[in-house]
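Enquirer: Dropping a structure here in structure tokens format, bear with me for questions.
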């Protein structure tokens with residue numbers, strides 16, 4: 012019975028992570044909230060769990076953006092032999108993705124342990140959700156005109172910096188990068204595409220850094236079924252959540268996520284104060 016409850020718990024955590032990963036409300040922050048207030052702890056290796064659910068979200072992103080990825084790879088490579096407007100646009104888009112990956116990659120490599128140790132608290136999440144809400148509220152009515160072909164290196168650096176800030180729990184990665192992109196006058200479709208294509212290298216980098224911890228996970232065999240259920244739950248939830256969010260972005264309804272953050276953030280802080 013204990014193993015069944017453990018499996019159900021991991022499935023729910025996977026579904027929860029997958030649901031919140033694509034939308035701009037911080038999946039890492041909401042996992043902390045769930046674990047704290049529902050007294051749900053992750054047995055086994057946290058690194059293994061994080062790798063599995065993040066990999067599931069990555070697969071969902073790869074499936075949804077497969078045509079864009081294929082085009083960028085083909086045209087990016089073709090640019091070295093065939094230089095025209097289309098190949099140049101896609102080659103530069105790939106370059107900007109690489110550049111935007113660097114800030115979070117460097118800061119994560121140097122300071123991720125310190126961030127996890129000092130900022131992975133409920134109070135931090137409550138406060139940073141409010142910050143995320145202000146960012147989303149700021150861009151709620153912005154309708155940029157710039158697309159893939161109009162992006163610049165400055166855009167890439169600013170969006171990359173925003174992604175680095177999102178290493179702090181409660182600051183949504185997708186929210187921070189979309190806010191930065193739209194604040195630069197980039198339209199919703201391009202901002203969304205750039206944000207989630209940017210998720211691919213940062214997710215792969217995190218997976219590489221977690222390999223050692225996973226290899227040394229003594230509970231890997233005994234936790235196989237709960238881990239698999241968490242993975243599957245995250246994969247399904249991430250796919251449908253991202254599809255839903257793409258529709259929200261197309262309709263320009265980011266204000267609802269801002270309102271959600273304005274409500275949940277203060278409630279989390281208040282609940283922590285009352286309980287402590």
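Numbering (the working numbering), first residue to last: 12 to 287.
Glycine included, every Cβ here is placed at the ideal spot set by N, Cα and C.
These numbers were taken from a predicted model, which means no experiment stands behind them.
Would you check if the distance between the CB atom of residue 181 and the CB atom of residue 135 is smaller than 8 Å?
Expert: A contact, by the Cβ cut-off of 8 Å.
Enquirer: Answer yes or no: do residue 238 and residue 59 have a C-beta to C-beta separation smaller than 8 Å?
Expert: Yes.
Enquirer: Quick one: is residue 64 buried, meaning 16 or more other Cβ sit within 10 Å of its Cβ, or exposed?
Expert: Per the 10 Å Cβ criterion, buried.
Enquirer: Please classify residue 157: does DSSP put it in a helix, a strand, or coil?
Expert: Three-state DSSP puts residue 157 in a strand.
Enquirer: Put residue 150 into one of helix, strand or coil per three-state DSSP.
Expert: Residue state, collapsed to three classes: coil.
Enquirer: Looking at the structure shown, is residue 36 part of a helix, part of a strand, or coil, going by DSSP?
Expert: Coil at residue 36, not helix or strand.
Enquirer: Suppose contacts are defined by Cβ-Cβ distances below 8 Å. Is residue 276 in contact with residue 138 by that definition?
Expert: Their beta carbons are under 8 Å apart, which means residue 276 touches residue 138 by this criterion.
Enquirer: Taking the continuous alpha helix (DSSP H) assigned at residue 106, which residues delimit it?
Expert: 96-130 is the span of the alpha helix (DSSP H), which, as asked, contains residue 106.
Enquirer: With H, G and I counted as helix, E and B as strand and the rest as coil, what does DSSP make of residue 182?
Expert: Correct three-state label for residue 182: coil.
Enquirer: Going by C-alpha distance, which of 155, 255, 73 is nearest residue 211?
Expert: Of the listed residues, the one whose Cα sits closest to residue 211 is 73.
Enquirer: Where residue 115 and residue 271 are concerned, what is the direct C-alpha to C-alpha distance, given to the nearest angstrom?
Expert: So the alpha carbons of these two residues sit roughly 26 Å apart.
Enquirer: To the nearest angstrom, how far is it from the Cα of residue 101 to the Cα of residue 160?
Expert: Distance between the alpha carbons of residue 101 and residue 160 is about 8 Å.
Enquirer: Flag residue 145 as yes when its Cβ comes closer than 7 Å to any non-hydrogen atom of the ligand SAM, and as no otherwise.
Expert: Among the components modelled here there is no ligand, and therefore nothing to report on the ligand SAM.
Enquirer: Is residue 77 buried or exposed, if buried means 16 or more other CB atoms sit within 10 Å of its CB?
Expert: Classification of residue 77: exposed, given that the 10 Å Cβ count is below 16.
Enquirer: Roughly how far, in whole angstroms, is the beta-carbon of residue 21 from the beta-carbon of residue 241, given that I think they are within contact range, below 8 Å?
Expert: Yes, residue 21 and residue 241 are in contact; Cβ-Cβ is about 4 Å, under 8 Å.
Enquirer: Could you tell me if residue 183 is buried or exposed, where buried requires 16 or more neighbouring beta carbons within 10 angstroms of its beta carbon?
Expert: By the 10 Å Cβ count, residue 183 comes out buried.
Enquirer: Residue 158 and residue 201 - do their beta-carbons sit closer together than 8 Å?
Expert: It is a contact, given that the beta carbons lie within the stated cut-off.
Enquirer: How about residue 177 and residue 30: are their beta carbons less than 8 Å apart?
Expert: No, they are not a contact pair.
Enquirer: Starting from the C-beta of residue 169, find all residues in its chain whose C-beta is less than 7 Å away, skip the five residues before and the five after it, and write them out in chain order.
Expert: Closer than 7 Å at Cβ, skipping near neighbours: 191, 195.
Enquirer: Mind reading off the beta-carbon distance from residue 246 to residue 19? Whole number of angstroms is fine, and I expect it under 8 Å.
Expert: Wrong, their Cβ atoms sit about 17 Å apart, outside the cutoff.
Enquirer: Count the other C-beta atoms from every protein chain shown that fall within 10 angstroms of the C-beta of residue 164, then say buried if there are 16 or more, exposed otherwise.
Expert: Exposed, since its Cβ has fewer than 16 Cβ neighbours within 10 Å.
Enquirer: When you compare only the Cα positions, how much space is there between residue 150 and residue 252?
Expert: Approximately 21 Å, taken between the alpha carbons.
Enquirer: Can you name the start and end residues of the alpha helix (DSSP H) that residue 223 belongs to?
Expert: Looking at the DSSP string, the run of the alpha helix (DSSP H) that includes residue 223 is 199-226.
Enquirer: Can you list, in chain order, the residues of its chain with a C-beta nearer than 8 Å to that of residue 147? Leave out the 5 residues immediately preceding and following it.
Expert: Same-chain partners within the cutoff: 35, 186, 190, 265, 266, 268, 269, 272.
Enquirer: Who are the Cβ neighbours of residue 28 in its own chain at under 7 Å, not counting the five residues just before and after it?
Expert: Around residue 28: 38, 42, 64, 245.
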